[in-house]
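The listed protein sequences derive, respectively, from chains A and B. Counted from 1, the first sequence has number 101 at position 101 by the numbering used here; the numbering is strictly sequential. Counted from 1, the second sequence has number 1026 at position 26 by the numbering used here; the numbering is strictly sequential. First the structure, in the form of structure tokens, and then the observations on it.
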Amino acid sequence: DIQMTQSPASLSASLGETVTIQCRASEDIYSGLAWYQQKPGKSPQLLIYGASSLQDGVPSRFSGSGSGTQYSLKISSMQTEDEGVYFCQQGLKYPFTFGSGTKLEIK
Amino acid sequence: EVQLQQSGAELVKPGASVKLSCKTSGYTFSNYYMSWLKQMPGQNIEWIGNIYGGNGGTGYNQKFKGKATLTVDKSSSTAYMDLSSLTSEDSAVYFCARDYGGYVMDAWGQGASVTVSS
Chain A
1 DIQMTQSPAS LSASLGETVT IQCRASEDIY SGLAWYQQKP GKSPQLLIYG
51 ASSLQDGVPS RFSGSGSGTQ YSLKISSMQT EDEGVYFCQQ GLKYPFTFGS
101 GTKLEIK
Chain B
1001 EVQLQQSGAE LVKPGASVKL SCKTSGYTFS NYYMSWLKQM PGQNIEWIGN
1051 IYGGNGGTGY NQKFKGKATL TVDKSSSTAY MDLSSLTSED SAVYFCARDY
1101 GGYVMDAWGQ GASVTVSS
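Here it is in structure tokens:
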């Protein structure tokens, strides 16, 4: 199975700060990567797919980049509504696998 | 509007089975896969498997083979997941998610809590 390693596990950011979350795959996943945001008691919501494509309706302060085994999610200006847990997920090979999550809080 | 409405919370006894449903609306059911996922409290998300709405073709995570069985009813645009021989390790929230291309799970159900307890 492809292992997805996310860092950091938790993060505090001030309003307006730029935040970056990293995700490393155990093998090349050819940009077959998505990022999701999950708030407490809710289902995950798709933010980015194909490593860098912004899902409809997602604010433009979210962006994704990377290739091969290294990927990142950037939030250009932290807002209060951005608090939550962020997961990366590879969809190249079965079984699809998720990173362990990054908990993002307002400082 | 795409909607996935999951069945309600279940409390089941060890050794029993449970069938979860995911009723869809707002899109052509037969054109998409449906993934099922498991999330234990405070834990990572695990992918159980997916099923194609068009022909019922399935792909499973080896970890869940024998535990989960995925089916669809095209006439009602509903996906189902049977979980068998339940133990405490199966207590979790289960999600269905519309799956387009493996890394585009763009619509999710609200989740269904399964608690296995005697």
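Virtual Cβ for every residue (Gly too), placed ideally from N, Cα, C.
Residues that DSSP places opposite residue i in a beta bridge
i         : result
Gly66(A)  : Tyr71(A)
Ile48(A)  : Trp35(A) and Leu54(A)
Gln90(A)  : Leu33(A) and Thr97(A)
Glu105(A) : Ser12(A)
Exposure of residue i, with buried meaning 16 or more beta-carbon neighbours within 10 Å
i          : result
Ala1079(B) : buried
Val1002(B) : exposed
Lys1067(B) : buried
Pro8(A)    : exposed
Pro1014(B) : exposed
Gly84(A)   : buried
Pro44(A)   : buried
Ala25(A)   : buried
Leu1011(B) : exposed
Ser12(A)   : exposed
Lys42(A)   : exposed
Met1040(B) : exposed
Reduced DSSP secondary structure (H/G/I, E/B, other) of residue i
i          : result
Lys1152(B) : Examination of residue 1152(B) is not possible in this model, given that chain B is present from 1001 through 1118 alone.
Asp82(A)   : helix
Val1114(B) : strand
Ala14(A)   : The sequence shown places Ser at residue 14(A), rather than the Ala named in the question. Coil, per DSSP.
Gln3(A)    : coil
Asp1106(B) : strand
Ala25(A)   : strand
Glu1001(B) : coil
Assumed close pair residue i, residue j - CB separation to whole angstroms, cut-off 8 Å
i          : j          : result
Gln89(A)   : Tyr1103(B) : 6 Å
Ser1017(B) : Asp1090(B) : Not a contact, Cβ separation roughly 10 Å.
Met1034(B) : Asn1050(B) : 6 Å
Ile48(A)   : Gly64(A)   : 4 Å
Ser100(A)  : Asn1044(B) : 5 Å
Gln79(A)   : Leu15(A)   : 7 Å
Ser1075(B) : Lys1023(B) : Not really, about 12 Å apart at Cβ, beyond 8 Å.
Val1116(B) : Leu1086(B) : 5 Å
Ala1112(B) : Tyr1094(B) : 5 Å
Thr97(A)   : Gln3(A)    : 7 Å
Curious, which full-length beta strand (DSSP E) runs of at least 3 residues does the region 1018–1104 of chain B contain?
1018–1025, 1033–1039, 1045–1052, 1058–1060, 1068–1073, 1078–1083 and 1092–1099
Counting only Cβ-Cβ distances shorter than 7 Å, please list the residues of the region 1078–1106 of chain B near chain E, keeping chain order.
In the structure shown, chain E cannot be found, because the protein chains are A and B.
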